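J.:
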Amino acid sequence: MNSSRFCGIFLIVFSIFHVECKVYTTTNNITYYIEDKYAFTWYDAHLECSARDMALLTIDSKEKYDDIIELLISGKFKDKPPHLWIGAIGINRKFAWILTGKPIIPSLWCNICPNNHPNNENCVQVWANEHGLNDLNCDAKIGFVCENRIKLEDFVLSSTAKAGNFYTSPSNKIYYVEPVYSYKWFDAHIECYNRNMTLFTIENEDSFYDLYNVLISGKFNRKPPHLWIGAIGAQRKFTWILNGKPVIWKYSSFDNARNSENCLQMFENTKDLNDRNCVDLLGFVCEENRYQNNKCDQTKMAEKHIVLNIHQHKN
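Just so we're aligned: the sequence shown equals residues -21 to -1, 1 to 294 in mature numbering (1 follows the signal peptide of the UniProt record, and there is no 0).
1) Measuring straight from C-alpha to C-alpha, what distance separates Glu247 and Ile48?
2) Here's the rule I'm using: 16 or more other beta-carbon atoms within 10 Å means buried, otherwise exposed. How should Tyr230 be labelled?
3) Applying the 10 Å Cβ sphere with the 16-neighbour rule, what's the burial state of Arg255?
4) Does the distance from the C-beta atom of Ile112 to that of Ile68 stay below 8 Å?
5) Check for me: the beta strand (DSSP E) holding residue 302 runs from which residue to which?
6) Measuring CB atoms only, is the region 153 to 168 touching the region 201 to 208, in the sense that at least three cross pairs come out at less than 8 Å?
7) So what does DSSP say about Tyr3, is it helix, strand or coil?
8) Classify Lys216 as helix, strand or coil using the three-state DSSP reduction.
9) Taking three-plus beta-carbon pairs below 8 Å as touching, is the region 152 to 163 in contact with the region 185 to 196?
10) For Ser231, name the three-state secondary structure that DSSP assigns.
11) With H, G and I counted as helix, E and B as strand and the rest as coil, what does DSSP make of Glu132?
12) Buried or exposed: where does Asp234 fall if 16 or more other Cβ atoms within 10 Å of its Cβ makes it buried?
13) Among His25, Ile181 and Glu267, which residue has its Cα nearest to the Cα of Asp118?
14) Quick check: what's the CA-CA separation for Cys28 versus Asn98?
15) Classify Asn101: buried if its beta carbon has 16 or more other beta carbons within 10 angstroms, exposed otherwise.
16) With a CB to CB cut of under 7 Å and the five nearest residues on each side skipped, what residues in its chain are close to Asp45?
17) With distances taken from CA atoms, which of Lys250, Cys257 and Phe263 is nearest Ser239?
18) Please report the straight-line C-alpha distance between Val2 and Tyr11, rounded to a whole angstrom.
19) Helix, strand or coil for Trp88, going by three-state DSSP, please let me know.
20) Can a CB atom of chain D be found closer than 8 Å to the CB of Val258?
21) So, for Asn90: in the same chain, excluding its five sequence neighbours on each side, which residues have a beta-carbon less than 8 Å away from its beta-carbon?
22) Measure the C-alpha to C-alpha separation of Asn95 and Phe74 and round it to an integer number of angstroms.
23) Looking only at DSSP bridge pairs, what is Gly209 linked to?
24) So the candidates are Asp32, Asn71, Asp23 and Ile9; which of them puts its Cα closest to the Cα of Arg128?
25) Return the bridge partner residues of Asn127 from the DSSP annotation.
26) Where are the beta strand (DSSP E) runs, 3 residues long or more, that stay fully inside the region 21 to 84, in chain order?
Now the structure itself:
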């Protein structure tokens, strides 16, 4: 048999086996993709879920928590449960789910959590061999759990929003723009969701220029200002937190300076997008909260992962 042909066949068989053992179904018939290898930062985990048309796990009820924990301690994993990234981020012990913006239910935290030790824990994990969630440095390398994307609630303005910072574009879209350079990316994320909005997503060129024309209209000293937007990633690969799609923009300069730039901004006085350290202080821009459900079944997950594995081996 031709050796190269044999290797190709073996790789596909191996990939199928690799995927099937990572797709699990709970007692309540909810399917998750679970990677228990401790090799992923939170940003890596976000990209891995997005590549499968999924999102990091959102736990919006005690029932859902109990259902996933029952699976994680069932003996299928070395740790019971394993260390796993989930889909919540925040700052100074204030956390929200990235897809819904809702706070974490207090009873889901472990006894001493969140403690923000040592003042750099902005991401959330299921804690190994413990009961409850824990805040952790986003650059720590652990596993992760993905789920099918969920549909967000309709957009409603919060009564606490600052009316003076709202702007309406010629297409009648509403944006909230904070031009003061006082916010880390995590702050900006929370600020948008406090207004029942989300950090800005570029869906296409028209959506970019709809906002851009507002920002250069003379209302701001810089045209546009440095503003956080709704994309995160790792190693110069970024996806939008709202829909999991890759960031593709002709005016971009992703250099991952000092190997620490995991968040995206609109760069002042240009049309550029730039990667930036998530703890730098910038302004931010929010838009109406919108989302289209993106379903993914076990077969689709397997097919997608086979393609990824073959591509990696070719390189």
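Positions of the beta carbon are idealized from the N, C-alpha and C atoms, including for glycine.
These figures come from a predicted structure and were not determined experimentally.
T.: In this structure, then:
1) 45 Å
2) exposed
3) buried
4) This sequence places Leu at residue 112; Ile is not what is there. No, these two residues do not count as a Cβ contact at 8 Å.
5) Here the chain covers residues -21 to 294 and nothing more, so residue 302 does not appear.
6) yes
7) strand
8) strand
9) yes
10) strand
11) Below a pLDDT of 50, predicted positions are generally treated as unreliable, and Glu132, at 45, falls in that range; the measurement from the model is reported next regardless. Reduced to three states, the DSSP call for Glu132 is coil.
12) exposed
13) His25
14) 27 Å
15) buried
16) none
17) Cys257
18) 6 Å
19) strand
20) As a matter of chain content, chain D is missing from the structure shown, which is built from one protein chain.
21) Gly111
22) 11 Å
23) Beta-bridge pairing links Gly209 to no other residue.
24) Asp32
25) Met33
26) 33 to 35, 63 to 70 and 73 to 76
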